[in-house]
Amino acid sequence: MLTPSHQGHAAMLLFALLVAGSFSLGGRIAGLIDPTVLTLVRFVLAAAVLGAAAFATGRVRRVHLAAPWRYPLLGGIFALYFILMFEGLKTAPPVNTSAVFTLTPILSGLFGWWLLRQRITPRMALALTLGGAGALCVIFGADPARLMAFDIGRGEAIFFVGVCAHALYTPLVRRLNRGEPPLVFTFGMMLGAIALMSLWAGRETLATDWAALPPLFWITLAYLAIFASATTFLLLQFATLRLPSSKVMAYTYLVPSVVIGWEAALGGGLPRLALLPGVAATVLALLLLLRNDAD
Numbered sequence: 002m003l004t005p006s007h008q009g010h011a012a013m014l015l016f017a018l019l020v021a022g023s024f025s026l027g028g029r030i031a032g033l034i035d036p037t038v039l040t041l042v043r044f045v046l047a048a049a050v051l052g053a054a055a056f057a058t059g060r061v062r063r064v065h066l067a068a069p070w071r072y073p074l075l076g077g078i079f080a081l082y083f084i085l086m087f088e089g090l091k092t093a094p095p096v097n098t099s100a101v102f103t104l105t106p107i108l109s110g111l112f113g114w115w116l117l118r119q120r121i122t123p124r125m126a127l128a129l130t131l132g133g134a135g136a137l138c139v140i141f142g143a144d145p146a147r148l149m150a151f152d153i154g155r156g157e158a159i160f161f162v163g164v165c166a167h168a169l170y171t172p173l174v175r176r177l178n179r180g181e182p183p184l185v186f187t188f189g190m191m192l193g194a195i196a197l198m199s200l201w202a203g204r205e206t207l208a209t210d211w212a213a214l215p216p217l218f219w220i221t222l223a224y225l226a227i228f229a230s231a232t233t234f235l236l237l238q239f240a241t242l243r244l245p246s247s248k249v250m251a252y253t254y255l256v257p258s259v260v261i262g263w264e265a266a267l268g269g270g271l272p273r274l275a276l277l278p279g280v281a282a283t284v285l286a287l288l289l290l291l292r293n294d295a296d
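For the sequence shown, the numbering used here assigns the number 2 to the initial residue and increments by one for each residue that follows.
Spelled out as structure tokens, the structure:
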């Protein structure tokens with residue numbers, strides 16, 4: 002039987018595989034619709050799936066309504082991540098945005114120390130540094146001149162703000178959870194996010210010409226709602242309650258490698274060879290973190 006730690010690792014492996022698809026598919030529809038509208042519809046569909054499962058299993062209890070302010074807080078933070086992701090994908094390639102995503106463990110480790118006093122061991126610090134260096138290699142196109150000038154693209158800069166939100170979300174889940182099952186807690190978080198986004202983009206959502214959108218949009222929306230939202234939210238909540246924050250987000254280091262596979266499968270070609278050492282560094286960082294003894 003798997004230990005809670007092993008269960009958390011398995012959940013995050015699947016999380017990385019599903020998230021990678023959202024970069025490749027999302028990059029192909031990012032310019033078709035407002036990012037907030039897309040995120041709102043995505044969350045509504047995902048909430049419907051999770052809500053049906055939560056009520057069908059009888060896991061929703063009145064006690065779960067305690068401190069309801071937690072749900073819009075967490076939902077708003079996570080929604081911000083997705084909105085800025087699609088805004089960034091308008092101008093940044095999927096591999097580059099996935100590389101920015103790999104900065105999440107470093108930030109998550111810092112937030113985890115601040116909020117939960119989770120320690121960062123020397124091996125973990127080495128892994129985070131290596132992964133961050135690999136991410137920077139990809140973000141700046143393996144060009145030292147661009148790195149020295151900090152010549153970062155607009156899309157990458159926008160998404161970095163979203164990554165900061167994602168990194169804060171992970172330790173906050175552990176800090177604010179009061180024993181609610183992951184399914185119920187995720188459902189509540191999504192309802193909070195939907196409420197906030199409806200205030201901001203509800204009118205624009207209703208005014209959108211949905212019938213004019215191409216089939217690729219609907220295929221991607223279904224994937225984003227079911228696999229890259231409902232499933233990954235649940236996996237993230239599940240793993241966060243079993244692993245340290247920085248180790249949970251260590252699996253983001255797999256994402257650029259899987260995105261390369263997605264891009265090749267979708268006809269987007271392979272990245273320049275100069276970027277591969279950066280991608281390899283992120284994979285090595287993951288292996289170092291998985292060997293860390295502080296599970």
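Idealized CB from N, CA, C, for every residue including glycine.
- The three-state secondary structure of residue 30, taken from DSSP, is coil.
- Cβ-Cβ separation between residue 228 and residue 187: approximately 14 Å, too far for a contact (criterion under 8 Å).
- With 16 or more neighbouring CB atoms inside 10 Å of its own CB, residue 190 falls in the buried class.
- In this structure, residue 6 keeps its C-beta atom at 8 Å or more from the C-beta atom of residue 175.
- Sixteen is the threshold: when 16 or more other Cβ atoms of the shown chains lie within 10 Å of the Cβ of residue 106, as they do, the residue is buried.
- Per DSSP, residue 86 is one residue of the alpha helix (DSSP H) stretching across 71-89.
- Residue 198 sits in a helix when the DSSP states are folded into three classes.
- For residue 120, the closest of 89, 77, 17, 172 by C-alpha to C-alpha distance is 172.
- Setting aside the 5 residues that flank it on each side, residue 249 is surrounded in the same chain by 9, 13, 109, 171, 237, 240, 241, each with a C-beta closer than 8 Å to its C-beta; the list follows chain order.
- The straight-line gap separating the alpha-carbon atoms of residue 35 and residue 99 is approximately 20 Å.
- Straight through space, the alpha carbons of residue 180 and residue 57 are spaced by roughly 19 Å.
- Pairing residue 96 with residue 278 gives a Cβ-Cβ distance that is not under 8 Å.
- Taking one beta carbon from each stretch, the segment 154-170 and the segment 86-95 have 3 or more pairs nearer than 8 Å; the two touch.
- Its chain contains no residue whose beta carbon lies nearer than 7 Å to that of residue 158 once the 5 sequence neighbours on both sides are disregarded.
- The continuous alpha helix (DSSP H) containing residue 157 extends over residues 155-177.
- Contact check for residue 254 and residue 132: beta-carbon distance about 5 Å, within the 8 Å limit, so the pair qualifies.
- Here residue 2 carries a coil assignment [DSSP, helix/strand/coil].
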